[in-house]
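In this note's numbering, the protein residues as written are 25 to 279. Input: a single structure, listed below in structure tokens.
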Amino acid sequence: MMDRGIVEILFGQKIDYDLLNDTLFEFPVGTTTRCAITHPSIHFFNQLPLLVGIQTLMSALLAFPLYKLNVQITKKKNGVLSAVFTFLIALPAACYEPIYIIRLFDIHHIGLRMVLMTFPLIGGLRVLESYFGFVPAIPAKNWNNYFAYMSCPFIVKFDEHKQEPKRVSLQYFQQQLQIAGTYFIYTGLLMSLLWHYDWELFEVESDVNSFDHSLRELISWKHLMNNYFMALILSLGLKQSTVGVSLLYSLVFGY
């Protein structure tokens, strides 16, 4: 078991976001309204790379046996060993690893929990595709390509001419930073607006979290717009987070 002192140092600070107490500065808008800019959570950005590193390490540990048992073309293939490792070791490890990590580090923040879901979602599917023979041709070409393909918690782009992982360029970094920054602004503005109205921009008869909406209310434009804004903030948040984490990965591995 990991020493609890190390756990407390790395993940002891729980990120319970308090919008009113985390204000960086405020400014007036009109005569009755004040807006606030909140500072980013240092603890969140400390813990995020550690969790991404754990996901990468777990994927890398599975890459070698999966390649040898399922992907590499050999004259003799041990079907029993391949099935046992795939369905009794690799797939359960991919599905249960996030649960174990969340309990071990006592992670409360929903964003950090979502980062851990990349391993069961992407890693689990890659485990299955290796067993059933659906690994793309370039990643399956050799061990180096498959290691990069399997260990990355996101989609790795391959150079079709060189048949190897495509290295990122400075221009790519600039484009991705611009995308992440743009979505950060959009998400922040939309979250500020919806939070001010208790996440219900247009008032309807039933409570926002209620299941007792009438059919007329379900198809009303106010209810549909409330749902649209919640779906939009989820989409923007996912886009912003995936671009940001993929940039972190690219900075470390170069592809």
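All C-beta atoms in this analysis are idealised placements derived from N, C-alpha and C, irrespective of residue type, glycine included. A quick note: this is a predicted structure, and the numbers were derived from the prediction, not measured.
Going by alpha carbons, who is nearest to Leu90 out of Gly148, Ile126, Asp130 and Leu75? Gly148
Identify whether Pro73 lies in helix, strand or coil by the three-state DSSP scheme. helix
Name the DSSP beta bridge partners of Asp183, please? Glu188
When the cut-off is 7 Å and only beta carbons count, does Ala117 lie next to chain B? Absent from the structure is chain B; it holds one protein chain and no more.
Alpha carbon to alpha carbon, how far is Leu86 from Ala172? 12 Å
Stretch pair the region 240-253 + the region 183-200: three plus CB contacts closer than 8 Å: no
Under DSSP, the alpha helix (DSSP H) around Trp167 begins and ends at which residues? Trp167 to Ser175
With C-beta atoms as the reference, is Val95 less than 7 Å away from Val159? yes
Rounded C-alpha distance that separates Glu121 from Leu194: 34 Å
To the nearest angstrom, how far is it from the Cα of Tyr170 to the Cα of Tyr155? 14 Å
Could you spell out the range, first to last residue, of the alpha helix (DSSP H) harbouring Gly135? Ile134 to Leu140
Is the region 198-214 in contact with the region 245-260, if contact means three or more CB pairs nearer than 8 Å? yes
Can the beta-carbon of Gln264 be found less than 7 Å from the beta-carbon of Pro177? no
Assuming the contact rule is C-beta atoms closer than 8 Å, His133 and Phe68 should be a hit. Round their C-beta distance to whole Å, please. 7 Å
Three-state secondary structure (DSSP) at Trp245? helix
Should Ala114 be labelled buried (16 or more other beta-carbon atoms within 10 Å of its own) or exposed? buried
Taking the C-alpha atoms as reference points, what is the distance between Leu217 and Gly103? 57 Å
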